[in-house]
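K.L.:
Take this structure, written in structure tokens, and hold onto it; I'll ask about it next.
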Amino acid sequence: MNLSGLEIFKYLPGAKKSEHTNCKECGCPSCLEFAIRLAQKQTSYDRCKYMPDELKKLCINNIKPAQKTIKIDGLKIGGESVLFRHEKKFVNKTVLAVVLDCKSPDFEKKLKRIKNFTINRLNEKLKVDLVILKNTNIHKPQNLCDETVYIEEKDFSKLALKKIVDNNFEKTSNELIYIRKKAIIERDEKYCAPVYVYFKSNPDKYSLCARASYYICKYANMLVFEDFDESLFSTLLTLRQNIFTDPQKPLQVESKIYEFNNPDENSLVFMTTNFALTFYAVANELQNLNVPSYLIVTPSNGMSVLTAFSAEKFTAKIAAKTINKFDLINKVKTRKIIIPGLLAPMKDELEKALPEFEIVVGTIEAYSIGEFVQTLI
Amino acid sequence: MNGKIHKTLYALEINIFNPENNFQTAKDYFRTNKRGLMIKKAQASACDILSLKFDINDFSDIPKAKRILKMLLPKITKPLMINGVYDNNLNKKLLPELMKTLDRKCIISSANENTSKEIIPHVIKGKHKLVLKSPININSCRELNILAADMGLKKIINDTDTGGLGYGLDYGYSMIEKLKLEDDEYLSAPIISFVCAESLKTKEAQCNTFSNSWGDLKTRARLFEIASASAIKAAGADIIVLYNPENIKILKGLAS
């Protein structure tokens, strides 16, 4: 458990008003300051000579990493330090691995599918992270250099990883939760190895998906599949992207005017917030339209349209300020701005704030933009 | 410490007013737009709760919505949930009218800060449970719960909203985890999640224009629903609303 500054302070001379209160020997002006710096790991516990043994023990325990990190080439497994992503964030994405048996008659075909598998989401290129090669003495696959990491089974089995073979959902999930709590809360060294769940071949990919999705959230560091399936992997990678975002840093893009398909002064003008998911959903549509367009992105702290609206991070004032800042009025002859359908209640307010422009209420979902644009032309 | 994974209830939602508006994955399962037949199939499914969605377009649709509900009630033995529309003004009229038609205690979905005053008195009168919908924010959720409690409402279910898979599911996910860690009487109501509706609305679950690496659309839509439901179960949701009964079977199969 990480101690807060105040929890540390309780033990120090300053809190007890005993001898050596605020002695400054540690280099900090006060015991409270020392406690806060120690909590933020900006100083070391041994700088205080008057620390009671009880606190010293807690501190020593605390500097031990909660979970070990295992590296395979550039791939990192484990190294997590919290139970809930909102406490800090999850560090190393759940590795998705496939076992490839080189003895199997269809191994070339399976390898080709794995190599061909690539998805691009939110500017991230996603591949199968790791392939574990079995029976390479019989066949040794060639040309294995791409973003995927390959390892022979005999080397993989030497890594200090904890394996759970998934036979029963309740048993697996309870074990995963138990191990993670032991590692994080108690810093119990017996449980500090990263954990992987091994899925034996299973024709029911829906059941695999339900299990794997749960284990990505709680608390597998790696999932190893005997089967490879494109739709399953793309779904799991999408979920992983969600769970491993940094909750303190909303995914956001720069607030500015983006251009699609070489727009000119008569092109369509859209407006949305700077939440990355909103932006990419809209940008993807505008890119694929046959018509040129502009997209004005407001500075909305990386919030989605509805959240920004509720939190007053998308207001008529903010919209007007953004449009004036980028001098839209002199940039285009178009006098129409298309806003997200969810912001329909703001139409009048926006028109008041932007008297030169007509506000057109667009679609609620980005994927309907194409159809919507047809109705405008 | 080795606590059991908490039990989740699965609701099957059917867009009953306008069956044509159901998600494709549900249409592929039901293969009919006849309301009676859909109810029969839903009754035979593994769902714990049956949810009927009335997505009316304007006030003039309310009498028809009432007629549909009245006709279907005798065919339904599963615990029932009634879900209204996104539009506040319509919901304020629609939900009370539907409650007048009900012959049993139900879950009513939903009221928010703008509609609670109109909807809550009818919920209390009918002894129903009410879903309180707040935007992804712990304080808004708490305020709405206090308001509802002050009006005398006891049976509350919270919907703290979420983005779909790949589109902000993490916000809803962490919101539920945070709520479950709170020790606050105004945040202790069970949590319902409509994450699957959000996930099935995504382009990935609706469009055929993705590369081969995404697999085929039908499979992907089912996997999107399952992955979202399973993740939200991990976060701690008590009721999860799904649209494909086959997927409910898969999720319930986890427990055995």
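Residue numbers (our numbering), protein chains in the order written: chain A, 42 to 418; chain B, -10 to 245. Glycine included, C-beta positions come from ideal geometry on N, C-alpha and C.
1) Does DSSP put residue 90(A) in a helix, in a strand, or in coil?
2) According to the Cβ coordinates, are residue 294(A) and residue 320(A) closer than 7 angstroms?
3) Using a Cβ cut-off of 7 angstroms (strictly closer), state whether residue 259(A) contacts chain B.
4) How far does the alpha helix (DSSP H) with residue 184(B) in it reach, from first residue to last?
5) Applying a beta-carbon distance threshold of less than 7 angstroms, which residues of chain A neighbour residue 208(B)?
6) If you draw a straight line from the C-alpha of residue 116(B) to the C-alpha of residue 94(B), how long is it?
7) Identify whether residue 416(A) lies in helix, strand or coil by the three-state DSSP scheme.
8) Are residue 153(B) and residue 188(B) close, meaning C-beta to C-beta below 7 angstroms?
9) For residue 407(A), which residues from the same chain have a beta carbon less than 6 angstroms from its beta carbon, with the 5 sequence-adjacent residues on both sides left out?
10) Let me know the secondary structure DSSP gives residue 27(B) once reduced to three states.
11) Got a sec: is the Cβ-Cβ distance from residue 42(B) to anything in chain A below 7 angstroms?
12) Going by CA-CA distance only, name the one from 333(A), 377(A), 315(A) that's closest to residue 395(A).
13) Can you tell me the Cβ-Cβ gap for residue 121(B) and residue 148(B), rounded? I've got them flagged as a contact below 8 angstroms.
14) Using the beta-carbon of each residue, which ones in chain A are nearer than 7 angstroms to residue 166(B)?
15) Distance, Cα to Cα, residue 169(B) vs residue 296(A)?
16) According to DSSP, is residue 69(A) part of a helix, a strand, or is it coil?
17) Compare the C-alpha of residue 136(A) against each of 90(A), 163(A), 413(A), 281(A) and name the closest.
18) Using a C-beta cutoff of 7 angstroms, does residue 153(B) count as contacting chain A?
19) Looking at the C-beta of residue 247(A), does it have a partner C-beta in chain B at a distance below 7 angstroms?
20) Roughly how many whole angstroms lie between the Cα atoms of residue 15(B) and residue 3(B)?
21) Specify, as a first and last residue, the run of the beta strand (DSSP E) that residue 263(A) falls within.
22) Under 8 angstroms Cβ to Cβ from residue -10(B), same chain only, skipping five residues before and after it: list those, please.
23) How many whole angstroms separate the CB atoms of residue 184(B) and residue 40(B), which I take to be in contact at a CB cut-off of 8 angstroms?
24) Can you name the residues that DSSP bridges to residue 293(A)?
25) Residues in its own chain within less than 6 angstroms of residue 96(B) by CB, not counting five upstream and five downstream?
26) Does the CB of residue 18(B) have a neighbour CB from chain A at under 7 angstroms?
27) Within 10 angstroms of the Cβ of residue 186(A), are there 16 or more other Cβ atoms? Answer buried if so, exposed if not.
28) Report the residues of the stretch 42 to 76 of chain A with a CB closer than 8 angstroms to any CB of chain B, ordered along the chain.
29) List, in order along the chain, the chain A residues whose C-beta lies closer than 8 angstroms to that of residue 211(B)?
30) Among 53(A), 158(A), 81(A), 82(A), whose alpha-carbon lies nearest the alpha-carbon of residue 71(A)?
31) Measure the Cβ-Cβ separation of residue 239(B) and residue 351(A) and say whether it is below 7 angstroms.
32) Under a Cβ-count criterion, where at least 16 other Cβ atoms within 10 Å of its own Cβ denotes burial, should residue 315(A) be classed as buried or exposed?
33) Can you pull the chain B neighbours of residue 345(A), defined as C-beta to C-beta under 7 angstroms?
34) Mind reading off the beta-carbon distance from residue 162(A) to residue 225(B)? Whole number of angstroms is fine, and I expect it under 8 angstroms.
35) Rounded to whole angstroms, what's the CA-CA distance from residue 20(B) to residue 271(A)? Just pull it up for me.
36) What whole-angstrom Cβ distance do residue 74(B) and residue 45(B) have, given they're in contact under 8 angstroms?
P.N.:
If we stick to the structure as given:
1) Here the question's residue 90(A) lines up with position 49 in the first sequence. In the three-state scheme derived from DSSP, where H, G and I count as helix and E and B as strand, residue 90(A) is classed as coil.
2) Counted from its first residue, the first sequence places residue 294(A) at position 253. Counted from its first residue, the first sequence places residue 320(A) at position 279. In this structure, residue 320(A) lies closer than 7 angstroms to residue 294(A) by Cβ.
3) By 1-based counting over the first sequence, the position of residue 259(A) is 218. With a threshold of 7 angstroms between beta carbons, residue 259(A) makes contact with chain B.
4) Looking up residue 184(B) in the second sequence gives position 195. First-last of the alpha helix (DSSP H) with residue 184(B): 184 to 189.
5) What you label residue 208(B) is simply residue 219 of the second sequence in a count that begins at 1. Neighbours of residue 208(B) on chain A, chain order: 272.
6) Looking up residue 116(B) in the second sequence gives position 127. Looking up residue 94(B) in the second sequence gives position 105. So the alpha carbons of these two residues sit roughly 6 angstroms apart.
7) To locate residue 416(A), count along the first sequence from 1; it is residue 375. Judged by DSSP in its simplified three-state form, residue 416(A) adopts helix.
8) As a working note, residue 153(B) is residue 164 in the second sequence. As a working note, residue 188(B) is residue 199 in the second sequence. Result yes, Cβ atoms of residue 153(B) and residue 188(B) sit closer than 7 angstroms.
9) In the first sequence, residue 407(A) corresponds to position 366, counting from 1. Shown here for residue 407(A): same chain residues with a beta carbon closer than 6 angstroms to its own, the five before and five after excluded, namely 322, 323, 326 in chain order.
10) Locating residue 27(B) in the second sequence gives position 38, counting from the first residue. Shown here, residue 27(B) sits in a helix according to DSSP, grouped into three states.
11) Locating residue 42(B) in the second sequence gives position 53, counting from the first residue. Not one beta carbon of chain A lies nearer than 7 angstroms to the beta carbon of residue 42(B).
12) Along the first sequence, one-based indexing puts residue 395(A) at 354. Residue nearest to residue 395(A) within the set 333(A), 377(A), 315(A) is 377(A) (criterion: CA-CA distance).
13) In the second sequence, counting from the first residue as 1, residue 121(B) sits at position 132. In the second sequence, counting from the first residue as 1, residue 148(B) sits at position 159. The pair is a contact, with the Cβ atoms about 7 angstroms apart (cut-off 8 angstroms).
14) The sequence position of residue 166(B) within the second sequence is 177, counting from 1. The answer, in chain order, is 125, 127.
15) Residue 169(B) sits at position 180 when you count from the first residue of the second sequence. Residue 296(A) sits at position 255 when you count from the first residue of the first sequence. Distance between the alpha carbons of residue 169(B) and residue 296(A): 35 angstroms.
16) For the purposes of this step, residue 69(A) is taken as residue 28 along the first sequence, with counting starting at 1. In the structure shown, residue 69(A) sits in coil (DSSP, three-state: anything other than H, G, I, E or B).
17) Counting from one through the first sequence, the residue named residue 136(A) turns up at place 95. When each option's Cα is compared against that of residue 136(A), the closest is 281(A).
18) As a working note, residue 153(B) is residue 164 in the second sequence. Residue 153(B) does not count as touching chain A.
19) The residue labelled residue 247(A) in the question sits at position 206 within the first sequence. It does; some Cβ of chain B falls within 7 angstroms.
20) Working through the second sequence from its first residue, we reach residue 15(B) at position 26. Working through the second sequence from its first residue, we reach residue 3(B) at position 14. In this structure, the alpha-carbon of residue 15(B) lies about 8 angstroms from that of residue 3(B).
21) As a first step, residue 263(A) is located in the first sequence; it is residue number 222 there, counting from the start. For residue 263(A), the enclosing beta strand (DSSP E) starts and ends at 263 to 266.
22) Translated into the one-based positions of the second sequence, residue -10(B) becomes position 1. Note that residue -10(B) scores a pLDDT of 37, beneath 50, so its modelled location is shaky; the value from the coordinates is reported in the next line. Excluding the 5 residues flanking it on each side, residue -10(B) has no same chain C-beta neighbour closer than 8 angstroms.
23) The residue labelled residue 184(B) in the question sits at position 195 within the second sequence. The residue labelled residue 40(B) in the question sits at position 51 within the second sequence. That pair is no contact at about 14 angstroms.
24) Numbered from its first residue, the first sequence carries residue 293(A) at position 252. DSSP output for residue 293(A) lists 316(A) as bridge partner(s).
25) Reading the second sequence from its first residue, position 107 is the one you call residue 96(B). Only 70, 118 meet the Cβ criterion.
26) Residue 18(B) sits at position 29 when you count from the first residue of the second sequence. Not a single CB atom of chain A sits nearer than 7 angstroms to the CB of residue 18(B).
27) Within the first sequence, residue 186(A) is the residue found at index 145, counting from 1. By the neighbour-count rule (16 or more Cβ atoms within 10 Å), residue 186(A) is not buried but exposed.
28) When CB distances to chain B are screened at a threshold of 8 angstroms, not a single residue of the stretch 42 to 76 of chain A falls below it.
29) Here residue 211(B) refers to the residue found at position 222 when the second sequence is read from its first residue. Those within 8 angstroms of residue 211(B) in chain A are 247.
30) In the first sequence, counting from the first residue as 1, residue 71(A) sits at position 30. For residue 71(A), the closest of 53(A), 158(A), 81(A), 82(A) by C-alpha to C-alpha distance is 53(A).
31) To locate residue 239(B), count along the second sequence from 1; it is residue 250. To locate residue 351(A), count along the first sequence from 1; it is residue 310. No, the Cβ-Cβ distance between residue 239(B) and residue 351(A) is not below 7 angstroms.
32) Indexing the first sequence from 1 puts residue 315(A) at position 274. Answer is buried; the Cβ neighbour count reaches 16.
33) Along the first sequence, one-based indexing puts residue 345(A) at 304. Among the residues of chain B, those whose CB is under 7 angstroms from the CB of residue 345(A) are 152, 157, following chain order.
34) Counted from its first residue, the first sequence places residue 162(A) at position 121. Counted from its first residue, the second sequence places residue 225(B) at position 236. Here residue 162(A) is actually not in contact with residue 225(B); their C-beta atoms are around 26 angstroms apart, not less than 8 angstroms.
35) Translated into positions along the second sequence, residue 20(B) becomes position 31. Translated into positions along the first sequence, residue 271(A) becomes position 230. In a straight line, the C-alpha of residue 20(B) is about 27 angstroms away from that of residue 271(A).
36) Taking the second sequence and counting its residues from 1, one reaches residue 74(B) at position 85. Taking the second sequence and counting its residues from 1, one reaches residue 45(B) at position 56. Going by Cβ atoms, the distance from residue 74(B) to residue 45(B) rounds to 6 angstroms, so yes, they are a contact pair.
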